[in-house]
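Residue numbers (this note's numbering), protein chains in the order written: chain X, 1 to 136; chain C, 1001 to 1136.
Encoded as structure tokens, the structure appears first; notes follow it.
There are 2 protein chains.
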Amino acid sequence: MPEKRVGLTARQQKILEELNDCPDEMSGQKLHRNLLASAANMGLTTVYRNLRTLQQKGLVRCRNLPTGETLYSPVNRDHHHLTCVDCGRTMVLKSCPIKNIQLPKAQTRNFELLFHTLEFFGLCKSCHQRQEAIEI
Amino acid sequence: MPEKRVGLTARQQKILEELNDCPDEMSGQKLHRNLLASAANMGLTTVYRNLRTLQQKGLVRCRNLPTGETLYSPVNRDHHHLTCVDCGRTMVLKSCPIKNIQLPKAQTRNFELLFHTLEFFGLCKSCHQRQEAIEI
DNA sequence: CTAATCTTGGGAAAGGTTTGCGATTTAACA
DNA sequence: TGTTAAATCGCAAACCTTTCCCAAGATTAG
């Protein structure tokens, strides 16, 4: 896909770099701390505002944990997860199950698709066993 | 699918009823207001806590708006959305595109799947046009 | 170069959600 | 039915995120 978006500010580029450099997703708070540490000083508000902007440009995606935290990652990293609704631990899926899926044209005709989020929720083995043990 | 979960408290049932009765998703705040109005008095904390529990039981699902609000809906209502990253408006998808998708067994062997969220993000027609106008 | 306008940034405040903790209710068992 | 342990509740505080508002910087026209 061509890199058609232009006009990233210097700080937006910094944020995007930081996200790309880190193999894991990051919360807004952690991103802020990392940037402070790496000499790119930036207010917390600015971090969140630019994250929002980057989402609007289709470059950054986020997902929400049950704890209320929001984790951000670059869109080009097409990761999805299994998340345990009990302990909150997540596993990364090896591949995107809907990579080649087509949405009905009628629904996307008036909509420029930028990215998607697909998350699976359930019980991990240990939480499941714990519940079984209690219910018996 | 059989209703295998048991042991819902009276308040959890009230919350579930309220969600089922309302055709739209609801925020925690709105749910709380509705319950106050319908004589089922309940603290805000209790609402959120029980929503979490209902998620753990696989009966309720939520999605997060860019505003930070969280919207809850019953899992049996298998709805997904197109959401505009600019204006935040959402459209409901007519059908679930991954209803019949199989995850690799290797990844779900140790995981009891309860539900999923699938959300598409992009630009709605009017926001897209506005951006084009600016960029030219 | 200057002035008016528009965009961007930061601090403080507000909003929604979650957590901690003592008090109350529910449930189990005798 | 009475006693006791466990689960649940609600308030207050904490947390993360977003919004408000004003100052600083950039852009454009004259």
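Positions of the beta carbon are idealized from the N, C-alpha and C atoms, including for glycine.
Segment contact: the segment 1087 to 1098 of chain C against the segment 1045 to 1054 of chain C, fewer than three CB-CB distances shorter than 8 Å; contact not assigned. Among the residues facing chain X, C/Arg1033 is not included, as its CB has no counterpart in that chain under 8 Å away. Beta-bridge partners of C/Tyr1072 (DSSP): C/Met1026 and C/Cys1062.
In this structure X/Leu114 does not touch X/Ser73 by the C-beta definition: roughly 14 Å separates them, more than the 8 Å allowed. Per DSSP, the continuous alpha helix (DSSP H) segment holding C/Val1047 begins and ends at Leu1044 to Gln1056. Interface with chain X (8 Å Cβ-Cβ cutoff): C/Glu1119 is included. Residue burial annotation: X/Gly88 is exposed, with fewer than 16 other C-beta atoms found within 10 angstroms of its C-beta. X/His116 belongs to the set of residues whose beta carbon lies under 8 Å from a beta carbon in chain C. Minimum Cα-Cα distance from C/Gly1058 among the listed residues C/Leu1008, C/Cys1124, C/Leu1123 and C/His1128 corresponds to C/Leu1008.
For a cut-off of 8 Å, the C-beta gap from C/His1079 to X/Leu118 is around 14 Å, too long to register as a contact. Three or more beta-carbon pairs separated by less than 8 Å link the segment 1020 to 1032 of chain C to the segment 1062 to 1071 of chain C, which places the two stretches in contact.
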